[in-house]
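Asker: Right, I'll just put the structure down here and ask away after.
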Ligand code: SF4
Ligand code: SF4
């Protein structure tokens, strides 16, 4: 049973995140996140050196290292509509963050961190993007925070935006209950245009099994999502990077437009 004061604090944090620019926000308790599929599986998965992973001395690749006092995560999302593709274009050499969407998310997190400390006396931990630098698995955290569910395209699907949003999380030292998950599953009887859109056939066969991992919730829901095949497309996208001028810098930057076909193929969140 959640007491009224806790419920009020959860609501206040969510509303303030939205006032600072988040389109969606929720809270996930750290003990729930630690039990979530990605956090459980990461210890058992084979080594993966693809795009988005890092080699950091003293850190096991893909394994989260929790700050000792972290008790809850605030998870925020900004919508990423098809008409604003630039939000996700990865620009090397651009700082802070490498995408415009990331900069928006970082700005919400910064304002929230100041607000929490100054108004509510709550200490927070800003999280970087990479797990090896101290991040957590954001999609699982977003499900627990009540933002949506993991779809058959292995992405977070939310009622208003489908798979088209960008995510960020921050940790706080206050022990708050998770505000999700919600009762929402648009994939149940869907003919899966998301999977059919994949140029690398990343959903074409079983990669992970219940027997090997001892859990039912696997990547792509049934274990059919191959990050190795998806990574092939990322390598192609990187090879096709465009050289661009960077404001205030003499050296040229590179802009990568990563594949979003499994995002764009999903009809959820496109009606309004
Ligand atoms: S296209 Fe259908 S199966 Fe794929 S994520 Fe969207 S709702 Fe789920
Ligand atoms: S991002 Fe592109 S390559 Fe990767 S799974 Fe989605 S559609 Fe396939």
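Residue numbers (the numbering used here): 341 to 612.
Glycine is no exception: its CB is placed at the ideal position from the N, C-alpha and C atoms.
Predicted model, so just to flag it, every value in this text is computed and none were measured.
(1) Exposed or buried, which one is residue 325 when buried takes at least 16 other CB atoms within 10 Å?
(2) Identify the residues that DSSP records as bridge partners of residue 510: which are they?
(3) Please report how far the alpha carbon of residue 509 lies from the alpha carbon of residue 603, in whole angstroms.
(4) Sorted by chain position, which residues of the same chain lie with C-beta nearer than 6 Å to residue 451's C-beta, five sequence neighbours on each side aside?
(5) Kindly list the residues whose CB is nearer than 7 Å to the CB of residue 486, restricted to its own chain and excluding five residues on each side of it in sequence; keep chain order.
(6) At a cut of 8 Å, does the stretch 411-429 reach the stretch 592-599 through at least three beta carbon pairs?
(7) May I have all residues whose beta carbon comes closer than 5 Å to any heavy atom of ligand 2, sorted in chain order?
(8) According to DSSP, what are the bridge partners of residue 582?
(9) Quick check on DSSP: helix, strand or coil for residue 447?
(10) Return the first residue and the last residue of the alpha helix (DSSP H) that residue 370 is part of.
(11) Please list, in chain order, all residues of the same chain as residue 410 whose beta carbon is under 8 Å from its beta carbon, the five residues on each side excluded.
(12) Alpha carbon to alpha carbon, how far is residue 459 from residue 535?
(13) Mind checking which residues open and close the beta strand (DSSP E) that includes residue 431?
(14) By a C-beta neighbour count over all protein chains shown, 10 Å radius and 16 as the cutoff for buried, is residue 585 buried or exposed?
(15) Does DSSP put residue 489 in a helix, in a strand, or in coil?
(16) In terms of residue numbering, what span does the alpha helix (DSSP H) encompassing residue 535 cover?
(17) From this set, 488, 581, 611, 591, which residue's C-alpha is nearest residue 430's C-alpha?
(18) Is it right to say residue 559 is buried, meaning 16 or more other beta carbons lie within 10 angstroms of its own, or is it exposed?
Answerer: Quick answer:
(1) A question about residue 325 goes unanswered here, because the residues of the chain that appear run from 341 up to 612.
(2) 414, 466
(3) 21 Å
(4) 360
(5) 366, 519, 520, 521, 522
(6) yes
(7) 538, 540, 542, 570, 573, 599, 601, 602
(8) 595
(9) helix
(10) 370-374
(11) 370, 465, 511, 512, 513
(12) 45 Å
(13) 430-432
(14) exposed
(15) strand
(16) 533-536
(17) 581
(18) buried
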